[in-house]
Structures are given as C-alpha cells and as structure tokens.
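Chains as they are written, first to last, in the working numbering: chain S, 1 to 109; chain W, 110 to 222.
Each residue gets a CB set at the ideal place from its N, CA and C atoms; glycine is no exception.
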Amino acid sequence: RKEVEQDPGPFNVPEGATVAFNCTYSNSASQSFFWYRQDCRKEPKLLMSVYSSGNEDGRFTAQLNRASQYISLLIRDSKLSDSATYLCVVGQGAQKLVFGQGTRLTINP
Amino acid sequence: GAVVSQHPSRVICKSGTSVKIECRSLDFQATTMFWYRQFPKQSLMLMATSNEGSKATYEQGVEKDKFLINHASLTLSTLTVTSAHPEDSSFYICSATVEYEQYFGPGTRLTVT
C-alpha cells in the first residue's frame, strides 16, 4: 500500500466549475500536511498547508481529518490557469516529505 | 520566498558515464537538503537527505555508492550519478528547508542513452 494515495485522474472540468480532490495517508504519526502544485516538467510549488481546523486561501479550501487520515482540496470557480497536477504531501518528522502520485487536472474553456 | 537553483537543467549522457548535479541555496544557508527523483507520471520519491559536513542519509533501496552526495558547504549539495544507465533517466529535484517550508529547485532532467 502506498503511504500517500491519490486518484491520479485525469479530471477534466469546465472553467468555473468546482472540483474536489481527496487523499489518504497510511502513517498515523504523520505531522504535517500540504498540497503542492506541479506544472508539466517543472518543480512542485507549495499551494497551501493543511490544518485540522481547515483553511482557505481564496478559491482554495483544504481540510484534514486525522481520525480518517484523509486530506481534501476544493477549488471553486476554477480557472484555466488551475490546470496542473496537484500533489498531496505528508510530512513525517525530520523534515521528510512523502508525496502522493498526484492528481492531474485540466480546466477546459 | 527562498530560492534554490540547480545545474544543469538538462543533461544527456552516454551509458557508463558519471553525471554531477549541483543544488544551491541562493539567499539562505541550508544545513539540510533533500534529493528526489521523479519518473514520468509518478510521484516524487525521496532518495536521500544531505547533511552539511556529514554523510548523507539514504532511503531504502537507493544505492549510496551509485548516487554520491556531497554537502560541503551550507549553500551547495551535489549529487553524482555514477556509471549511469538508461534506467537512471529521470527528473532529479533537490530541496531545502527554511522555517519548516521546503523550497524546491527547478529540477534536472537526466537522459542516459
């Protein structure tokens, strides 16, 4: 079983739609949680950290459920520029990050 | 935010040769840097943790004699792929941590022919 599991997609949605991604992790001792965005052939860039209380940054909302070991990302009013691969990332102490496979999203005009 | 650079961005080499990839923190000092590898349509996999002034810590399954890591200064870590083979072709990315946030270099695409 992978440490961090994501649906690889691809997700194809029209511009303006709301799209949600989910992720599960297996290590209950995981300490930090993130969503990264990776564009084709580029390095990952931090989109947002994820907290148990949930957090929102503009059109993006992230949620963490520690009991279920489940992380989600919601994108509202999607833009063409949101097309990318979204990586669910779990921190396991000593700065070690474990990456999910990524969910590929394409926003269509 | 913090800036991490990598050089070269792309390299093509022949099977059996060695390739060195540099990772630099441009505006901060990094006692710890990380090296990842990403195969097409797969996730980033941590290869090793590079510690300034000491030996790197390798993840299970990563051959330390094949992937040599040197972290001789607080701003530079190098990864040398020795005796490269076509199966080593991949996207190699380094990162460094600043206040619990990891910043990634732009990556090096290695193709071994």
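Closer than 8 Å to chain S by CB, residue i
i: W/Phe-148; result: no
i: W/Pro-215; result: yes
i: W/Gln-211; result: yes
i: W/Leu-153; result: yes
i: W/Thr-206; result: yes
i: W/Thr-141; result: yes
i: W/Ile-121; result: no
i: W/Ile-130; result: no
Test: residue i CB closer than 8 Å to a CB of chain W
i: S/Pro-10; result: no
i: S/Glu-43; result: yes
i: S/Gly-100; result: yes
i: S/Gln-95; result: yes
i: S/Leu-80; result: no
Supposed close pair residue i, residue j - CB separation, criterion 8 Å
i: S/Tyr-25; j: S/Val-90; result: 5 Å
Reference residue i; option with closest CA among the options
i: S/Gly-16; options: S/Gln-6, S/Leu-87, S/Pro-44, S/Arg-76; result: S/Arg-76
i: S/Val-98; options: S/Phe-60, S/Pro-109, S/Pro-44; result: S/Pro-44
i: W/Ile-121; options: W/Tyr-209, W/Ala-193, W/Thr-141; result: W/Ala-193
i: S/Arg-66; options: S/Pro-8, S/Pro-109, S/Phe-33, S/Ala-20; result: S/Phe-33
i: W/Thr-206; options: W/Thr-184, W/Ser-118, W/Val-128, W/Met-142; result: W/Met-142
i: W/Thr-126; options: W/Glu-210, W/Gly-214, W/Ser-204, W/Ser-198; result: W/Ser-198
i: S/Gly-100; options: W/Arg-218, W/Glu-210, W/Thr-189, W/Leu-155; result: W/Leu-155
Extent of the continuous beta strand (DSSP E) to which residue i belongs
i: W/Lys-129; result: 128-134
i: S/Ala-84; result: 84-91
i: W/Arg-146; result: 141-147
i: S/Lys-45; result: 44-49
i: W/Phe-213; result: 210-213
i: S/Arg-41; result: No beta strand (DSSP E) holds S/Arg-41; DSSP gives it neither H nor E.
i: S/Asp-57; result: 55-57
i: S/Ser-12; result: In the sequence as displayed, the identity of residue 12 of chain S is Asn instead of Ser. Unbroken beta strand (DSSP E) run through S/Asn-12: 11-14.
i: W/Glu-186; result: According to the sequence displayed, residue 186 of chain W carries Ser and not Glu. It spans 185-190 - the beta strand (DSSP E) in which W/Ser-186 sits, taken as one unbroken run.
i: W/Ser-182; result: 176-182
i: W/Leu-219; result: 217-221
i: S/Thr-18; result: From DSSP, S/Thr-18 is part of no beta strand (DSSP E); its letter is neither H nor E.
i: W/Val-112; result: From DSSP, W/Val-112 is part of no beta strand (DSSP E); its letter is neither H nor E.
i: S/Asn-27; result: No beta strand (DSSP E) holds S/Asn-27; DSSP gives it neither H nor E.
i: S/Glu-3; result: That residue, S/Glu-3, is in no beta strand (DSSP E); it is neither H nor E in DSSP.
Any non-hydrogen atom of the ligand MG closer than 7 Å to residue i Cβ
i: W/Arg-218; result: Judged by which ligands are present, the structure shown has none, so any question about the ligand MG falls away.
task = Would you check if there are 3 or more beta carbon pairs closer than 8 Å linking the stretch 50-67 of chain S to the stretch 94-108 of chain S?
result = No: the two stretches stay apart, fewer than three of their Cβ pairs being nearer than 8 Å.
task = Tell me, please, whether the stretch 77-89 of chain S touches the stretch 165-178 of chain W by the rule of three or more beta-carbon pairs shorter than 8 Å.
result = no
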